[in-house]
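Numbering (mature numbering (1 follows the signal peptide of the UniProt record, and there is no 0)), first residue to last: -21 to -1, 1 to 158. Positions of the beta carbon are idealized from the N, C-alpha and C atoms, including for glycine. Everything numeric in this text was worked out from a predicted model, so none of it was measured. The structure appears below as structure tokens.
See below:
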């Protein structure tokens, strides 16, 4: 009985020994963990070569341009403007690398029997008029259930225009501050 217990524990002990041996420093290395990581990963970090990224244009530490491949994946002005424009709604998901913002259902205070949901997509790294696409969903209360309802195309267009206007305002303010 004792031998079978030892045989069952042998693989666990062997795996633990290998894991500990893999973590030890053979050969007396004197480099710190940070130095080893920098040497091994020559291409920089996920957030850029300086360990960060700029949401609002140039990064003052290394002069990276807006739309830097190491930064966010979409236009920073459109991204910030989208968040500002949708700030009144609860945001479920915001992906700055893919340029997707998804909101939860929002019920306007003046219309308790209606609720809206928005999916916003930033389509480009450039600040362009066709760089934002918005999908708006609407539901109306029917008793205790919510039923899908039609939304006019002008609703999505109005939100897209609001995002573009805010993005231009942010860009102008940033350019004025840089002077």
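Quick one: what's residue i bridged to in DSSP?
{"i": "residue 82", "result": "70"}
{"i": "residue 99", "result": "80, 113"}
{"i": "residue 124", "result": "121"}
{"i": "residue 93", "result": "119"}
Counting C-beta neighbours from all protein chains within 10 Å, is the total for residue i 16 or more, i.e. buried, or is it exposed?
{"i": "residue 97", "result": "buried"}
{"i": "residue 138", "result": "buried"}
{"i": "residue 60", "result": "buried"}
{"i": "residue 146", "result": "buried"}
Considering residue i, what are the terminal residues of the alpha helix (DSSP H) in which it resides?
{"i": "residue 130", "result": "Counting along the chain, residue 130 falls outside any alpha helix (DSSP H), and DSSP gives it neither H nor E."}
{"i": "residue 59", "result": "55 to 64"}
In chain order, what residues of the same chain lie with their CB nearer than 7 Å to the CB of residue i, ignoring the 5 residues before and after it?
{"i": "residue 150", "result": "56, 106"}
{"i": "residue 120", "result": "92"}
{"i": "residue 113", "result": "97, 99, 135, 138, 139"}
{"i": "residue 157", "result": "none"}
{"i": "residue 87", "result": "93"}
{"i": "residue 82", "result": "65, 68, 69, 70, 71, 96, 97"}
{"i": "residue 76", "result": "51, 52"}
{"i": "residue 132", "result": "none"}
{"i": "residue 101", "result": "53, 54, 57, 58, 61, 78, 110, 111"}
{"i": "residue 142", "result": "57, 60, 61, 64, 111"}
{"i": "residue 123", "result": "none"}
Can you list, in chain order, the residues of its chain with a C-beta nearer than 6 Å to that of residue i? Leave out the 5 residues immediately preceding and following it.
{"i": "residue 3", "result": "Because residue 3 carries a pLDDT of 49, less than 50, the predicted location of this residue cannot be relied on, and the following value inherits that uncertainty. If we look at residue 3 and ignore the five residues flanking it on each side, it has no Cβ neighbours."}
{"i": "residue 73", "result": "80"}
{"i": "residue 103", "result": "110"}
{"i": "residue 125", "result": "118"}
{"i": "residue 84", "result": "94, 96"}
Cutting at 8 Å between CB atoms, please list the residues of its own chain near residue i, excluding the five before and the five after it.
{"i": "residue 127", "result": "116, 117, 118"}
{"i": "residue 129", "result": "117"}
{"i": "residue 108", "result": "143"}
{"i": "residue 89", "result": "none"}
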